[in-house]
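Residue numbers (this note's numbering): 1 to 314. Accompanying notes for the structure given below.
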Ligand code: SER
């Protein structure tokens, strides 16, 4: 029988980390999932399992944590997202790349067996198709974040091909969760809009009303993550990062879907610097490779997600 995995989630206080740690603990047992972050995560994470305060740029501490706890799998979620990275390009590049090399090298040196690292739809740029953007469309990212994700993808594939590192990755779209706030991305509005609808019955949106972007409900994203990490290695034919698609919608469409529940909800559109980033990304993604290779399928459409978000946030 295979021994139990010990899982380390770096970036456990972030938007994906919060949901992922809870899901992994449910699946693998609380004692087998260690949460790590430079910031203190929410109580639901620190009170029901091990938490290690960790700066991912501190290579020695990362390595010691892996060794001390005999970690077999790492989910590396620490990163600066698109909007924040534009304000701190040097630091974003350093954080997003150094952390990845640290983990890939630990895997290359056989200290860990399996790595999950998130990429993003931000690897695409203005010359990729707007609609149904395919896996191998041209990647000409216009943001520091997108450049770091694209470079990271190439390194993941390189470490797999040359050093046999079992690294798996998804190009997440904008993610929407009720458990945690998003952390400085261009797609954050799609979370804030639900909070504001309930609290103030009004939302000032920083993207224009018809800006369609690829999005996904967090439960779907977590399921995709667990699924790609679970599947047999031979099914993972793409070792850079898989396109992953859930829903595509505009601010206006999400507004309308909330209005069905809160009829007096109002919205204003005041595009800011994030509009330029959104305009450089595809509006929808073709993820047929993920569907064919390891059976991905989403469960949430916009209507279902809006009902769920409003119910949970209440
Ligand atoms: N949600 C991310 C962002 O907006 C995209 O990967 O930066």
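We put the CB at the ideal spot given by N, CA and C, even for glycine. Model, not experiment: these values are computed from the prediction.
Any non-hydrogen atom of the ligand COA closer than 8 angstroms to residue i Cβ
i: residue 120; result: For the structure depicted, the ligand COA is absent and the ligand set comprises only the ligand SER.
Residue environment, residue i, which counts as buried when at least 16 other CB atoms sit within 10 Å
i: residue 127; result: exposed
i: residue 246; result: buried
i: residue 113; result: exposed
i: residue 98; result: exposed
i: residue 312; result: exposed
i: residue 214; result: buried
i: residue 58; result: exposed
i: residue 11; result: buried
i: residue 73; result: buried
i: residue 29; result: exposed
i: residue 190; result: buried
i: residue 243; result: buried
i: residue 232; result: exposed
i: residue 139; result: buried
i: residue 193; result: buried
i: residue 240; result: buried
i: residue 299; result: exposed
i: residue 288; result: exposed
i: residue 338; result: Only positions 1 to 314 of the chain appear in the structure, and residue 338 is not among them; the question remains open.
i: residue 90; result: exposed
i: residue 64; result: exposed
Close-in-space but distant-in-sequence residues of the same chain around residue i (CB under 7 angstroms, 5 per side omitted)
i: residue 129; result: 137, 282
i: residue 235; result: 293, 294
i: residue 93; result: 144, 148
i: residue 100; result: 76, 117, 152, 155
i: residue 257; result: 302, 303, 306
i: residue 47; result: none
i: residue 32; result: 4, 5, 6, 7
i: residue 226; result: 23, 27
Own chain, CB closer than 6 angstroms to residue i, minus 5 neighbours either side, in chain order
i: residue 51; result: 35
i: residue 132; result: 284, 286
i: residue 115; result: 74, 103, 107, 167
i: residue 39; result: 13
i: residue 248; result: 212, 214, 283, 284
Whole-angstrom C-beta distance between residue j and residue i, which should lie under 8 angstroms
i: residue 237; j: residue 163; result: Contact flag wrong, Cβ pair sits at about 18 angstroms.
i: residue 329; j: residue 250; result: For the chain, the structure presents residues 1 to 314; residue 329 sits outside this window and is missing.
i: residue 216; j: residue 182; result: Not quite, the Cβ-Cβ distance comes to about 12 angstroms (not below 8 angstroms), so this is no contact.
i: residue 228; j: residue 310; result: That pair is no contact at about 29 angstroms.
i: residue 67; j: residue 8; result: 11 angstroms between Cβ atoms; not a contact.
i: residue 37; j: residue 54; result: 7 angstroms
i: residue 56; j: residue 78; result: 4 angstroms
i: residue 198; j: residue 27; result: The Cβ separation is near 31 angstroms, so there is no contact.
Close beta carbons around residue i, own chain, < 8 angstroms, minus the five adjacent residues each side
i: residue 141; result: 122, 123, 124, 125, 147, 149, 150, 280
i: residue 275; result: 206, 207, 208, 211
i: residue 70; result: 6
i: residue 254; result: 190, 193, 302, 306
i: residue 49; result: 21, 25, 30, 31, 33, 34, 35
i: residue 297; result: 291
CB contact below 9 angstroms: residue i versus chain B
i: residue 303; result: Structure shown: chain B not included; a single protein chain is present.
Continuous alpha helix (DSSP H) assignments of at least 4 residues falling wholly in the segment 261-312: 274-279, 288-294
So does the segment 195-215 actually touch the segment 269-283, counting three or more Cβ pairs closer than 8 angstroms? yes
Taking only runs of the beta strand (DSSP E) that begin and end inside the segment 140-193, which ones reach a length of at least 3 residues, in chain order? 166-168, 170-172, 174-176
Say whether the segment 4-19 touches the segment 175-185, bearing in mind that this needs 3 or more beta-carbon pairs closer than 8 angstroms, one atom from each stretch. yes
Going residue by residue through the segment 70-121, where are the continuous beta strand (DSSP E) segments of at least 3 residues, counting only ones entirely within it? 73-76, 114-116
Would you call the segment 78-85 and the segment 184-201 touching, i.e. three or more CB-CB distances under 8 angstroms? Yes: at least three Cβ pairs fall under 8 angstroms.
Touching by the beta-carbon criterion (3+ pairs, under 8 angstroms), the segment 258-267 and the segment 217-235: no
Identify every run of the beta strand (DSSP E) within the segment 187-259, keeping only runs that are complete inside it and at least 3 residues long; order them along the chain. 202-205, 213-217, 247-249
Whole beta strand (DSSP E) runs in the segment 32-76 with 3 or more residues, listed along the chain? 33-37, 51-53, 73-76
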